[in-house]
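Each protein sequence line maps, in turn, to chains F and A. In terms of our numbering, the first sequence is residues 2 to 501. In terms of our numbering, the second sequence is residues 3 to 344.
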Amino acid sequence: MPEGRSPILELQGITKSFGGVEALRGVDLALYPGEIHGLVGENGAGKSTLMKIIAGVHTEFSGRFLIEGQETHFRSARDAHAAGIAMVHQELSVAPDLTVAENVFLGNQPTNRFGLVQWRRMAREAGEQLARFGIDVDPMSRLADLPIGLQQLIEIARVLFSGARIVILDEPTSALSPPEVERLFSTLRRLREEGTSIVFISHFIEDILRVSDTVTVFRNGRKVAETAAATTSKGALIEAMIGRGGEALEHSYTDDLMLPRPSDSKVVLKVDRLSLARSLQDVSFEARAGEVLGIYGFMGCGQQELSRILFGKLKPDSGTLAVGGTPKTFASTAAARRAGVALVPESRRAMLFHQEPVYKNISISILDRISALLLKPAQERDIAKRQVEQLQIRPPVVGLDLGMLSGGNQQKVALAKWLTYPPKLLVLCEPTRGMDVGAKNDVINIVRDLRAKGLAVIVLSTEPETVLSLADRILVLKRGALVREFANEPVSKDRLLEAA
Amino acid sequence: MASSETVPAAGQRARGLAPFLRSQMRNIAPFLTLIFLSGFFAFASPSFATLDNLGNILTQVSVTGIIAVGLTFVILCAEIDLSIASIANVTGIAVAYFTLQESYVNIANVPLPGVAAILLSILLCALLGLVNALGLTVIGIPSFIMTLAMMQIAAGISALLVRGQIAYKVPDLIATLGSGSIGGIPWIVVVAAVMLLGGHLVLTYTRFGRYVYMVGGNREAAEYSGLNVKLILGAVMVISAVCSGIGGMLGVAHFGSAQQNEFDTYLLDSIAAVVVGGTSLFGGRGGIGNTIVGLFVLGVLNNGLDHVNIDSFLKILIRGLILLAALIINVYAQRLREKAAE
Chain F
2 MPEGRSPILE LQGITKSFGG VEALRGVDLA LYPGEIHGLV GENGAGKSTL MKIIAGVHTE
62 FSGRFLIEGQ ETHFRSARDA HAAGIAMVHQ ELSVAPDLTV AENVFLGNQP TNRFGLVQWR
122 RMAREAGEQL ARFGIDVDPM SRLADLPIGL QQLIEIARVL FSGARIVILD EPTSALSPPE
182 VERLFSTLRR LREEGTSIVF ISHFIEDILR VSDTVTVFRN GRKVAETAAA TTSKGALIEA
242 MIGRGGEALE HSYTDDLMLP RPSDSKVVLK VDRLSLARSL QDVSFEARAG EVLGIYGFMG
302 CGQQELSRIL FGKLKPDSGT LAVGGTPKTF ASTAAARRAG VALVPESRRA MLFHQEPVYK
362 NISISILDRI SALLLKPAQE RDIAKRQVEQ LQIRPPVVGL DLGMLSGGNQ QKVALAKWLT
422 YPPKLLVLCE PTRGMDVGAK NDVINIVRDL RAKGLAVIVL STEPETVLSL ADRILVLKRG
482 ALVREFANEP VSKDRLLEAA
Chain A
3 MASSETVPAA GQRARGLAPF LRSQMRNIAP FLTLIFLSGF FAFASPSFAT LDNLGNILTQ
63 VSVTGIIAVG LTFVILCAEI DLSIASIANV TGIAVAYFTL QESYVNIANV PLPGVAAILL
123 SILLCALLGL VNALGLTVIG IPSFIMTLAM MQIAAGISAL LVRGQIAYKV PDLIATLGSG
183 SIGGIPWIVV VAAVMLLGGH LVLTYTRFGR YVYMVGGNRE AAEYSGLNVK LILGAVMVIS
243 AVCSGIGGML GVAHFGSAQQ NEFDTYLLDS IAAVVVGGTS LFGGRGGIGN TIVGLFVLGV
303 LNNGLDHVNI DSFLKILIRG LILLAALIIN VYAQRLREKA AE
């Protein structure tokens with residue numbers, strides 16, 4: 002950084018742990034006025050934790066925290082806000098039913114001396130601010146009527162224009178189209194000239210390199226590199242993110258892994274040009290029996306929507322899918338299940354009944370096979386016991402309420418639901434997220450076992466390791482479009498990241 | 003890491019009586035309320051704790067009980083049906099409308115054989131339930147609003163059928179079930195008992211019953227399990243309407259007349275019976291057993307207040323306060339249970 006300028010924000014030796022697990026280990030970071038500072042690292046590398054410390058969300062940590070050379074300790078996000086720090090989270094946090102102007106001024110609408118909102122002034126000022134951002138919308142239109150990308154730009158605009166000196170943007174570009182990204186970047190550059198400091202977190206390394214002055218790389222809670230953006234490259238950053246040699250407990254997939262020759266077995270699923278507004282564009286692929294198809298992409302790339310469409314939970318705007326029979330889209334999840342499709346979504350809460358015993362959770366999807374009219378609880382328990390034994394679910398008590406099980410075991414129950422009468426196509430979203438190594442290995446073995454039984458399995462994940470450890474063939478989904486297929490060729494984590 | 007997997011099991015064994023009681027609060031609290039109220043009235047009035055009066059209480063809660071069977075299904079699915087009383091009313095009026103009335107009854111009715119009158123009336127309430135079901139599942143109107151509209155629609159049909167008049171005659175079968183008795187036990191009590199038992203058996207021992215609980219427990223998970231959630235929600239709305247219709251027909255026979263606004267108090271009473279009994283307003287917890295306890299609490303309360311010397315206008319306020327207390331316990335019990343499950 003330029004000599005003679007002092008940092009507006011300086012962190013020294015920040016360490017933060019959650020229940021004995023260190024999320025950050027002795028991290029230093031300096032942010033200068035009028036600087037765009039890019040932050041890269043894999044999921045769980047510690048970027049978000051650090052940003053939450055800066056934004057006053059996490060208040061318990063060790064290390065020194067200085068603002069303009071003054072040691073500071075925030076007690077809440079409100080303190081951080083008062084100090085001029087604002088953060089835009091990855092998930093939209095707008096009020097969709099309010100107008101654009103109300104959203105821009107959320108929480109501090111201009112009022113007259115009677116406390117009444119000055120609508121005309123608010124609309125005018127909102128319009129002016131957005132125009133500076135290159136956004137030309139009617140400030141009185143309802144936010145929900147605008148495209149998601151525009152909504153996100155408006156949220157970012159709100160934070161950027163709130164007068165903050167330090168702005169943190171977490172994955173701001175994942176839902177934006179290329180021209181919208183361009184608009185965002187030109188605004189960021191203008192704010193930089195005005196002296197605002199910006200922290201920019203993204204998985205899109207090209208974006209980071211285009212707009213940042215400095216790039217910091219995180220790995221396993223440590224800062225492993227800090228470099229000027231002009232002097233580095235995508236390849237170098239990926240290498241720093243992944244790290245050569247084993248720090249990790251498990252296979253780190255940094256070396257090339259040879260994918261097998263694509264199988265020529267029966268096509269179980271044929272997806273034909275699925276499109277969904279702002280999520281998926283012309284997605285076509287096939288999944289075959291006895292094959293694990295991995296679909297990799299960053300968060301927000303359209304994986305979630307794709308999995309919902311495959312299971313009939315979401316209707317695409319156009320395109321069809323065929324499971325064995327004629328091409329169509331499923332009208333309901335019940336129709337998808339009857340056609341032989343099963344889905345395990347990324348959130349366990351979404352598919353399990355926490356207040357019901359384990360055996361009812363396991364039997365719910367197959368009750369119509371067990372009983373026509375009357376329930377057969379003994380048989381349900383038997384089936385559940387077999388699954389619990391096979392998947393080594395702990396504790397092995399099928400009468401226990403599901404909520405008493407640990408996360409990894411709940412995930413296994415979510416799988417067990419579908420295994421008694423295996424479907425033709427099993428769709429798994431983030432099947433190993435948040436699991437410890439042992440549970441991960443269990444899941445990997447279960448999936449391999451299912452493949453051997455001739456199921457078609459689709460694994461969707463934002464973690465390259467998950468896809469690499471399971472898949473025979475890998476598709477890369479980027480901003481809603483399939484951009485690369487890996488089959489019968491060497492693949493590694495950096496090749497995947499490079500493609501995404 | 004592996005050792006952490008066994009912690010919940012140890013936790014489970016270490017759980018004592020107190021957490022168990024806390025998790026069962028929704029079942030225990032209504033029962034204690036019932037015992038307390040019965041004890042209080044037995045102490046306060048010598049005429050309360052008699053076999054005769056027990057028969058009175060049973061008869062008094064029968065119509066509510068029949069309507070509450072269907073409503074229990076609806077509330078278990080975390081939905082609500084506000085049209086139950088109106089549907090009961092219109093079905094009761096319909097069965098009289100299709101029966102030959104005395105010449106002094108000035109209604110342009112359509113006399114039919116008794117069996118046809120009963121079947122048509124049941125068809126009518128089933129159809130109204132189906133409209134509720136379609137509005138809720140196909141159009142996506144929240145049940146609170148949909149059944150509010152149906153409440154008006156059913157009241158409107160009632161008004162058109164009787165035009166401010168009163169009808170008296172109902173088919174013989176309905177008259178017997180509504181106001182006759184067998185071996186000293188009123189038929190209406192028998193019908194209520196049979197329907198409550200039937201509802202309990204369906205909810206506890208059939209696949210459909212399990213689906214009702216699962217849809218109520220976590221609708222999203224039910225959908226991700228490939229259940230036809232809309233079909234199940236639609237079915238409970240129809241069941242609720244048919245139970246209301248049966249309650250309405252027998253009610254008309256029991257009261258001896260069919261007229262507009264005859265069942266208005268049954269809306270609140272039925273909801274109160276289900277909720278006071280401890281069935282969760284958030285769905286998935288409770289059942290007919292809870293509804294029965296709730297019916298008795300309401301029955302004892304209504305009946306007991308008549309036995310003690312109390313301002314009859316104050317009675318309404320007391321009933322309101324008891325209902326409020328039950329709602330607080332209901333919401334609180336849900337929270338306790340969630341905590342116990344963590």
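We put the CB at the ideal spot given by N, CA and C, even for glycine.
- Your pair Leu-427 of chain F and Leu-456 of chain F checks out as a contact, with CB atoms roughly 6 Å apart and the cut at 8 Å.
- Among the residues of the region 200-218 of chain A, those with a Cβ less than 9 Å away from any Cβ of chain F are Thr-206, Tyr-207, Thr-208, Arg-209, Phe-210, Gly-211, Arg-212, Tyr-213, Tyr-215 and Met-216, in the order of the chain.
- Counting along the chain, the unbroken beta strand (DSSP E) around Lys-271 of chain F starts and ends at 268-277.
- In the DSSP annotation of this structure, Thr-330 of chain F is not part of any alpha helix (DSSP H), being labelled neither H nor E.
- With a threshold of 8 Å between beta carbons, Glu-81 of chain A makes no contact with chain F.
- The DSSP-derived three-state label of Met-242 of chain F is helix.
- One alpha carbon belongs to Val-389 of chain F, the other to Ile-169 of chain F, and they sit about 45 Å apart.
- For Thr-321 of chain F, the uninterrupted beta strand (DSSP E) segment begins and ends at 319-324.
- Using a Cβ distance threshold of 8 Å, Val-105 of chain F and Leu-131 of chain F count as a contacting pair.
- Taking Arg-190 of chain F as reference, the option from F:Gly-320, F:Met-52 and F:Asp-214 with the minimal CA-CA separation is F:Asp-214.
- Interface flag for Phe-354 of chain F against chain A is set, since a Cβ pair is found closer than 8 Å.
- Shown here for Ile-136 of chain F: same chain residues with a beta carbon closer than 8 Å to its own, the five before and five after excluded, namely Leu-151, Leu-154, Ile-155, Ala-158 and Arg-184 in chain order.
- The DSSP-derived three-state label of Met-300 of chain F is coil.
- In the same chain as Ser-266 of chain F, and ignoring 5 residues on each side of it, the C-beta atoms closer than 6 Å to its own belong to Arg-289, Ala-290 and Gly-291, in chain order.
- DSSP places Arg-159 of chain F within a helical segment (H, G or I) once states are collapsed to three.
- Nearest C-alpha to Glu-195 of chain F among F:Asp-495, F:Gly-35 and F:Gln-304: F:Gly-35.
- In this structure the region 198-209 of chain A touches the region 62-80 of chain A; the number of beta carbon pairs closer than 8 Å is three or more.
- Assignment of Val-398 of chain F by DSSP, reduced to helix, strand and coil, places it in the coil class.
- A:Met-197 is the residue among A:Asp-266, A:Tyr-213 and A:Met-197 whose C-alpha sits nearest the C-alpha of Ser-242 of chain A.
- Its chain contains Arg-143, Leu-144 and Ala-145 as the residues whose beta carbon lies nearer than 8 Å to that of Asp-98 of chain F, once the 5 sequence neighbours on both sides are disregarded; these appear in chain order.
- Between Ala-194 of chain A and Ser-40 of chain A a beta carbon distance of about 20 Å is seen, past the 8 Å cut, so the two are scored as non-contacting.
- Within chain F, not a single residue places a beta-carbon under 8 Å from that of Gly-306 of chain A; the smallest gap is close to 35 Å.
- Shown here, Ile-310 of chain F sits in a helix according to DSSP, grouped into three states.
- Residues of chain A with a Cβ closer than 9 Å to the Cβ of Ile-169 of chain F do not exist, since the nearest Cβ in that chain sits about 32 Å away.
- Bounds of the beta strand (DSSP E) holding Asp-29 of chain F are 22-32.
- Separation of Ala-440 of chain F and Arg-452 of chain F (C-alpha to C-alpha, rounded to the nearest whole angstrom) is 19 Å.
- Arg-289 of chain F carries a strand assignment under DSSP once its states are collapsed to helix, strand and coil.
- The beta carbons of Leu-307 of chain A and Ile-324 of chain A sit no closer together than 8 Å.
- At a C-beta separation below 8 Å, Leu-375 of chain F has these neighbours in chain A: Tyr-207, Thr-208 and Arg-209.
- Between Leu-270 of chain F and Pro-317 of chain F, the gap from beta carbon to beta carbon reaches 8 Å or more.
- For the region 270-282 of chain A, the set of positions with a beta-carbon nearer than 9 Å to some beta-carbon of chain F is empty.
- Per DSSP, reduced to three states, the secondary structure at Pro-180 of chain F is helical.
- Asp-308 of chain A: member of the alpha helix (DSSP H) spanning 290-309, first to last residue.
- With respect to the 8 Å criterion, Val-164 of chain A and Gln-261 of chain A are classified as neighbours on the basis of their beta carbons.
- Cβ contact annotation for Phe-265 of chain A (same chain, cutoff 6 Å, sequence separation greater than five): Ala-87, Ala-90 and Asn-91, in chain order.
- Taking every protein chain shown into account, the CB of Asp-139 of chain F has fewer than 16 other CB atoms within 10 angstroms, so this residue is exposed.
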